[in-house]
Amino acid sequence: EPEVTQTPSHQVTQMGQEVILRCVPISNHLYFYWYRQILGQKVEFLVSFYNNEISEKSEIFDDQFSVERPDGSNFTLKIRSTKLEDSAMYFCASVPGSTGANVLTFGAGSRLTVL
Amino acid sequence: KNEVEQSPQNLTAQEGEFITINCSYSVGISALHWLQQHPGGGIVSLFMLSSGKKKHGRLIATINIQEKHSSLHITASHPRDSAVYICAASGGGADGLTFGKGTHLIIQP
């Protein structure tokens with residue numbers, strides 16, 4: 023069964039450093055998402071990406087964050103100048119069409135620890 | 660902004676019991692998603708509902724669009740069903756899902 027692959031599974035970084043989280047969505051899916059889950063809290067939407075551009079972003083997704091799909095397969099989330107409160111599990115997800123009509127496939131997550 | 664509420668927050672039951680988890684949302688949606696999150700953190704989609712009822716094995720999901728309410732039922736529950744069950748609302752298109760806080764289910768042998 024096709025999978026969404028995320029790397030790294032766990033990253034530890036110092037406050038102020040830049041982090042890139044990588045995702046390989048399912049190849050024929052059209053919409054890609056990043057979500058985050060701070061430990062003990064609910065999952066929160068960060069950004070959606072369609073047709074090589076950001077489709078929607080939450081208020082969490084400020085100038086510290088950026089996404090791109092550099093080579094048609096990888097979908098990356100860059101976090102600049104990390105803060106302690108960026109420590110969370112980051113999930114990538116993809117869906118073949120609208121989430122109003124399709125289930126999402128989630129990656130296993132990338133756990134980010136900012137020290 | 661949609662508010663998604665789940666109940667109960669925690670549920671402990673004995674193996675074999677019939678389980679119901681409830682979800683309500685505040686704003687009209689295109690679809691309601693039920694997800695399962697295991698202790699390792701991974702999230703698996705169980706159902707996507709826009710009306711009526713869906714069944715997959717021992718899991719049944721229902722939605723009442725007029726009442727803005729959905730339920731997830733587990734029949735003949737088993738310890739391997741122990742997980743966090745999350746409902747999430749979709750406005751459609753490329754909208755991000757709005758998640759509930761989840762229901763932590765423990766099934767004891």
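Going down the list, the protein sequences come from chains A and B. The first sequence begins at 23 in my numbering and counts up by one. The second sequence begins at 660 in my numbering and counts up by one. Idealized CB from N, CA, C, for every residue including glycine.
Proximal chain A residues relative to residue i, where beta-carbon distance stays under 9 Å
{"i": "phenylalanine 758(B)", "result": "Tyr57, Gln59, Lys64, Val65, Glu66 and Phe67"}
Neighbouring residues, chain B, relative to residue i (Cβ below 7 Å)
{"i": "tyrosine 53(A)", "result": "Ala753"}
{"i": "alanine 130(A)", "result": "Gly701"}
Below-8 Å beta-carbon distance, residue i vs any chain B residue
{"i": "leucine 126(A)", "result": "yes"}
{"i": "threonine 121(A)", "result": "yes"}
{"i": "glutamate 107(A)", "result": "no"}
{"i": "glutamate 23(A)", "result": "no"}
{"i": "glutamate 75(A)", "result": "no"}
Chain A contact for residue i (CB, 8 Å cutoff)
{"i": "serine 709(B)", "result": "yes"}
{"i": "histidine 692(B)", "result": "yes"}
{"i": "isoleucine 745(B)", "result": "yes"}
{"i": "glycine 687(B)", "result": "no"}
{"i": "glycine 761(B)", "result": "yes"}
Residues that residue i contacts on chain A, provided the C-beta gap is smaller than 7 Å
{"i": "histidine 732(B)", "result": "Under the 7 Å cutoff, chain A gives no residues; its nearest Cβ is about 18 Å from histidine 732(B)."}
{"i": "serine 736(B)", "result": "What serine 736(B) touches in chain A: nothing, since even the nearest Cβ is about 23 Å away."}
{"i": "serine 749(B)", "result": "Thr121 and Gly122"}
Other residues of its chain near residue i: CB distance less than 6 Å, five sequence neighbours each side excluded
{"i": "isoleucine 719(B)", "result": "His732"}
{"i": "asparagine 669(B)", "result": "His763"}
Neighbourhood of residue i by C-beta distance below 7 Å, restricted to the same chain and skipping five residues each side
{"i": "glycine 750(B)", "result": "Ile688 and Ser689"}
Within chain B, partners of residue i - CB distance below 8 Å
{"i": "tyrosine 112(A)", "result": "What tyrosine 112(A) touches in chain B: nothing, since even the nearest Cβ is about 11 Å away."}
Neighbourhood of residue i by C-beta, 8 Å cutoff - its chain only, sequence neighbours within 5 removed
{"i": "serine 741(B)", "result": "Leu764, Ile765 and Ile766"}
{"i": "leucine 61(A)", "result": "Ser109, Ala110 and Met111"}
Cross-chain neighbours of residue i in chain A, by beta carbon under 8 Å
{"i": "glycine 716(B)", "result": "Ordered by position in chain A, no residue passes the 8 Å Cβ test against glycine 716(B), which lies about 15 Å from the chain."}
Could you check whether the stretch 693-709 of chain B touches the stretch 73-81 of chain A, counting it as contact only if at least three pairs of C-beta atoms, one from each stretch, sit closer than 8 Å? no
Segment contact, 8 Å Cβ cut-off, at least three pairs: the stretch 115-124 of chain A with the stretch 722-734 of chain B: no
At least three beta-carbon pairs within less than 8 Å, the stretch 83-95 of chain A to the stretch 29-37 of chain A: no
Using a Cβ distance threshold of 8 Å, determine whether the stretch 686-693 of chain B contacts the stretch 64-71 of chain A, with at least three qualifying pairs required. no
Within the stretch 61-104 of chain A, note down every full alpha helix (DSSP H) run reaching 4 residues or more, in order along the chain. none
With a threshold of 8 Å, are at least 3 pairs of Cβ atoms found where one atom belongs to the stretch 47-62 of chain A and the other to the stretch 670-683 of chain B? no
In the stretch 694-768 of chain B, which residue ranges form an unbroken alpha helix (DSSP H) of at least 4 residues, counting only runs that do not cross its ends? none
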